[in-house]
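Trainee: Residue numbers (my numbering), protein chains in the order written: chain D, 578 to 691; chain E, 578 to 691. Quick one: structure below, then a few questions.
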């Protein structure tokens with residue numbers, strides 16, 4: 578599935594996956610090392626089914642990989658798709674640098690700044 | 578509203594806002610210069626109401642600012658919240674560098690690589 582996605586569709590999946598704080602916490606947990614589904618679910622106050630659904634969303638985005646060792650399902654983080662996110666956000670960096678002073682002056686003048 | 582948000586909640590709003598391709602296209606349009614709501618809506622094959630809803634999501638994330646000039650509503654991109662996204666993704670950069678070779682070897686061995 579992942580191979581047939583256009584980069585934009587893949588970016589959508591990755592952004593949707595990381596937009597949820599529980600999924601970011603799961604990803605964080607897995608960057609510290611591989612873990613079983615039950616280990617990943619343990620710190621969350623939600624059902625195993627709910628955590629499994631979050632893991633599936635991460636798998637669809639290519640951020641988590643699952644392997645089977647006998648009867649155990651082992652999960653591993655694969656942060657490679659996050660490069661696309663970093664790349665996408667970096668496109669605006671030039672814009673930040675060029676326009677930030679102008680923007681701040683504009684909103685200060687309008688009295689609508691933060 | 579935005580001022581009272583914790584950084585994590587703000588990151589949620591920003592990630593949800595940019596997870597949609599229409600909203601990324603609107604943001605792209607506005608980085609080229611300020612525009613009226615109707616101008617922003619013009620290239621999209623959807624109702625003005627649907628586009629307005631997308632714009633509201635971008636405003637809630639702090640990515641778009643609206644000012645009134647007489648009867649006109651002028652929209653401007655404010656990419657500052659994207660720094661948080663870039664910062665969040667960059668946290669995984671160390672992980673990429675350290676683990677990428679090991680990950681690739683692992684998935685190649687399992688025959689489950691891309």
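Glycine included, every Cβ here is placed at the ideal spot set by N, Cα and C. Since the structure is predicted, the reported quantities are computational estimates derived from the model, not experimental observations.
For residue 636 of chain D and residue 619 of chain E, what's the separation of their Cα atoms in angstroms?
Mentor: Between residue 636 of chain D and residue 619 of chain E, the C-alpha separation is close to 36 Å.
Trainee: Spell out a yes or no on whether the region 595-614 of chain E and the region 663-674 of chain E are touching, meaning 3 or more CB-CB pairs, one atom from each, closer than 8 Å.
Mentor: In short, these stretches do not touch, since the Cβ pair count stays below three.
Trainee: Does DSSP put residue 654 of chain E in a helix, a strand or coil?
Mentor: Note: residue 654 of chain E maps to strand in three-state DSSP.
Trainee: Taking all protein chains shown into account, do 16 or more other C-beta atoms lie within 10 angstroms of the C-beta of residue 656 of chain D, making it buried, or fewer, making it exposed?
Mentor: Burial call: buried.
Trainee: If we require 3 or more residues per run, which beta strand (DSSP E) segments fall completely within the region 613-659 of chain D?
Mentor: Runs of the beta strand (DSSP E) inside the region 613-659 of chain D: 641-646 and 649-654.
Trainee: Name, going along the chain, the residues of the region 599-617 of chain D whose beta-carbon falls closer than 7 Å to a beta-carbon of chain E.
Mentor: Within the region 599-617 of chain D, the residues whose Cβ lies closer than 7 Å to some Cβ of chain E are 608, listed in chain order.
Trainee: For a test of the three-state rule: what should DSSP assign to residue 600 of chain E, helix, strand or coil?
Mentor: Helix at residue 600 of chain E.
Trainee: Over what stretch of residues does the alpha helix (DSSP H) that includes residue 584 of chain E continue unbroken?
Mentor: Segment 584-595, the alpha helix (DSSP H) holding residue 584 of chain E.
Trainee: Below 9 Å on C-beta distance, what does residue 641 of chain D contact in chain E?
Mentor: Neighbours of residue 641 of chain D on chain E: none; closest Cβ ~12 Å, over 9 Å.
Trainee: For residue 584 of chain D, tell me which candidate among D:613, D:651 and D:661 has the shortest Cα-Cα distance.
Mentor: Selected option, being the one with the closest Cα: D:661.
Trainee: Check the Cβ of residue 585 of chain E against every Cβ in chain D and list those closer than 8 Å, keeping chain order.
Mentor: Near residue 585 of chain E (Cβ distances below 8 Å), the residues of chain D are 598.
Trainee: I'd like to know if residue 666 of chain E contacts chain D, where contact means its C-beta is closer than 7 Å to some C-beta of that chain.
Mentor: By this cut-off, residue 666 of chain E is an interface position.
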